[in-house]
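Student: Residue numbers for the sequence shown follow my numbering, beginning at 5 and rising by one. We put the CB at the ideal spot given by N, CA and C, even for glycine. All figures in this text were calculated on a predicted structure; none of them were measured in a lab.
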Amino acid sequence: MNKDREETDLINLISDRHNDLRQKVEYMTSQQSPQVHFSSSEWYLITIIKYDNPSLAELTRIVNLTRQAIHKAIKQLEQKSVVQIESVPNNKKEKRVKLTKHGISCYERYAENKRLLIDHISKVLGFSEIEHLQYLLEQNWQLEDLNIE
Numbered sequence: 005m006n007k008d009r010e011e012t013d014l015i016n017l018i019s020d021r022h023n024d025l026r027q028k029v030e031y032m033t034s035q036q037s038p039q040v041h042f043s044s045s046e047w048y049l050i051t052i053i054k055y056d057n058p059s060l061a062e063l064t065r066i067v068n069l070t071r072q073a074i075h076k077a078i079k080q081l082e083q084k085s086v087v088q089i090e091s092v093p094n095n096k097k098e099k100r101v102k103l104t105k106h107g108i109s110c111y112e113r114y115a116e117n118k119r120l121l122i123d124h125i126s127k128v129l130g131f132s133e134i135e136h137l138q139y140l141l142e143q144n145w146q147l148e149d150l151n152i153e
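(1) Can you tell me where the alpha helix (DSSP H) with Glu30 in it begins and where it stops?
(2) Would you mind reading off the limits of the alpha helix (DSSP H) that contains Asn117?
(3) DSSP puts Arg100 in a beta bridge; with which residues?
(4) With burial defined as no fewer than 16 other Cβ atoms inside 10 Å of the residue's Cβ, what is the status of Phe42: buried or exposed?
(5) Is it buried or exposed for Ala73, if we count other Cβ within 10 angstroms and need 16 for buried?
(6) Would you mind reading off the limits of the alpha helix (DSSP H) that contains Glu46?
(7) Quick one: Cα of Ile15 to Cα of Leu121, how far?
(8) With a threshold of 7 Å on Cβ separation, who are the neighbours of Val86 within its own chain once the five nearest residues in sequence on each side are excluded?
(9) What does DSSP give as the partner residue(s) for Asn95 in the beta ladder?
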């Protein structure tokens, strides 16, 4: 283990690995569809929207961004023909976001590349190690109980 790795704490390791994985899956997907480029935040929104058709208000809560930021990102995805915004019957204010056929195709390609990446990591590290890692990450770490005084 090198000195830099020894000085890197758990939170930075998780963050760095997360960034590496996101970049890899986004790169793999962009190589298959070079005509369309999505930012990491756009991919994140696509994976949240997928087949659920959330309202703009729901997206704001889930993603924890401002309403304006969500509207801007959704408009960009709409311009790329990935999403469409639909009115909610009997509610003039609420709008829902739905993936287009093109958006579903992009999402499915992205999801498949994530599966390929997970399979690769499982082969390198071992399937039981990956299952254990997933188990640990799914646990309630009780962060709300941490009191700093």
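Tutor: Well, looking at it:
(1) Leu14 to Gln36
(2) Lys105 to Leu129
(3) Answer by DSSP bridge pairing, in chain order: Ser59 and Glu90.
(4) Under this definition Phe42 is a buried residue.
(5) exposed
(6) Taken as a continuous stretch (DSSP letters only), the alpha helix (DSSP H) holding Glu46 covers Ser44 to Ile53.
(7) 22 Å
(8) Ile50, Leu103, Thr104, His106, Gly107 and Cys110
(9) Looking at the DSSP output, Asn95 bridges to Val92.
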